[in-house]
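Counting from 1 along the sequence shown, just add 165 to a position and that's the residue number in my numbering.
Scroll down for the structure; my scribbles are underneath it.
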Amino acid sequence: MRRKISAILVTVLIMLMVMPMEAFAAVPSVQEVETLIAQIGTVTRENRSAVEKAVNAYNQLDDASKAGVSNFDVLAEAQQILGIKDALAKLNVEHDRVENNYTISDSYVESTLNTGLCMIAPSIRVYGDRDELVLMISFVYVGDELLNANRVIVRAGDNKYTYNQDAFSAIGRDVCKINTGKLKWVEGFVTRAEDFDIELLRDALSSQEAIFRFSGYQNYDYVLTQQNRQAITDVLNAYNLMCSVSPDVLRKALA
166 MRRKISAILV TVLIMLMVMP MEAFAAVPSV QEVETLIAQI GTVTRENRSA VEKAVNAYNQ
226 LDDASKAGVS NFDVLAEAQQ ILGIKDALAK LNVEHDRVEN NYTISDSYVE STLNTGLCMI
286 APSIRVYGDR DELVLMISFV YVGDELLNAN RVIVRAGDNK YTYNQDAFSA IGRDVCKINT
346 GKLKWVEGFV TRAEDFDIEL LRDALSSQEA IFRFSGYQNY DYVLTQQNRQ AITDVLNAYN
406 LMCSVSPDVL RKALA
């Protein structure tokens, strides 16, 4: 009998040793959660632990206690700011301190131009003085021949999209030298994204193959690469997060 009891005790001790410490932690009070939230301060990626600690404590409360947390809005805002900062950390953020404007793009854009490849390059513009957030899309052809293109036709799965010349806010053509020293024609077409354009990007990302045809004197078909897909995904993710917050929260996230 004594041996059986000892075996049970050993089993229990082993279970206690491997159980996480959180299993024994007391559920925090509403006041303790409010204190943790108040200690967050200015949200940066470096003080992520303060935000996570407050979130973890808040999540341990039952619904009635959560409703009693008076400064929950501070915690919610901190999570929004941290989410945007994490998304922006993957991108290039340029700040014009005179005009207080931001231009946000993926590093893929510059590296791709320098290697002489076509690309689809969304970018985010934030006009700080008037709290305006804009997504721009650039369709860029790079090649040996001048296309003098005036249309971009997109095939994404079963869907087809057509941009005629008047759909672009800017069109540029020039000869540029790439990293190898070779000269290439670069033709760029820029549009300010509306719902139609964002839906196109989403279709392109979800399609197994997305083809962008630059149509002019002759046609050139660019098949969206995996690297370009990731660049578009990263910019869209940041844009969606930025659209979901107030101008005040966005300013704090960009600071």
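From the three backbone atoms N, C-alpha and C, an ideal C-beta is built for every residue, glycine too.
Just the Cα atoms here: how many angstroms apart are V287 and C408?
Inspection of the sequence shows that residue 287 is occupied by Pro rather than by Val. Between P287 and C408, the C-alpha separation is close to 15 Å.
Per DSSP, what kind of secondary structure is A314 in: helix, strand or coil?
coil
Kindly indicate the opening and closing residues of the beta strand (DSSP E) around K342.
335–342
Using only the alpha-carbon positions, how far apart do M186 and V414 sit?
With a pLDDT of only 49 at M186, under the threshold of 50, the placement of this residue in the model should not be trusted; the figure read from the coordinates follows. If you take the alpha carbons of M186 and V414, they lie about 35 Å apart.
Quick one: what's got a C-beta closer than 7 Å to I246's C-beta in the same chain, skipping five residues either side?
V208, V414, K417, A418
Three-state secondary structure (DSSP) of V400:
helix
Going along the chain, which residues of its own chain have a beta-carbon closer than 6 Å to the beta-carbon of D339, five neighbours each way excluded?
V351
What does a CB cutoff of less than 7 Å around A314 pick up in its chain, not counting 5 residues either side in sequence?
Y306, E352, F379, S380, G381
Which one of G337, F377, A254, Y292 has the shortest CA to CA distance from Y328?
F377
Nearest candidate by alpha-carbon position, reference N324, set G233, V263, A369, A396:
A369
Contact between the region 393–409 and the region 330–339 is defined here as three or more beta-carbon pairs at a separation below 8 Å; is this criterion met?
no
Cutting at 7 Å between CB atoms, please list the residues of its own chain near A188, excluding the five before and the five after it.
The pLDDT assigned to A188 is 48, lower than 50, so where the model puts this residue is not dependable, and the model offers no usable value.
DSSP state of G353, grouped into three classes?
strand
Y223 - DSSP class collapsed to helix/strand/coil
helix
Give the secondary structure of T268 by DSSP, where H, G and I count as helix, E and B as strand, and everything else as coil.
strand
Would you report the Cα separation of V234 and E242, rounded to the nearest angstrom?
14 Å
Pull the bridge partners of D386 from the DSSP assignment, please.
R378
Measure the C-alpha to C-alpha separation of R210 and K218 and round it to an integer number of angstroms.
14 Å
Looking at the strands, I want to know which residues DSSP matches up with I285.
F304
Where does A321 sit, in a helix, a strand or coil, going by DSSP?
strand
Is the CB-CB distance between R357 and M301 below 8 Å?
yes
Leaving out five residues before and five after T268 in sequence, what residues of the same chain have Cβ atoms less than 7 Å from its Cβ?
E259, S288, R290
Within 10 angstroms of the Cβ of M166, are there 16 or more other Cβ atoms? Answer buried if so, exposed if not.
Below a pLDDT of 50, predicted positions are generally treated as unreliable, and M166, at 48, falls in that range; the measurement from the model is reported next regardless. With fewer than 16 other Cβ atoms within 10 Å, it is exposed.
Going by DSSP, what residue range makes up the alpha helix (DSSP H) through V239?
237–253
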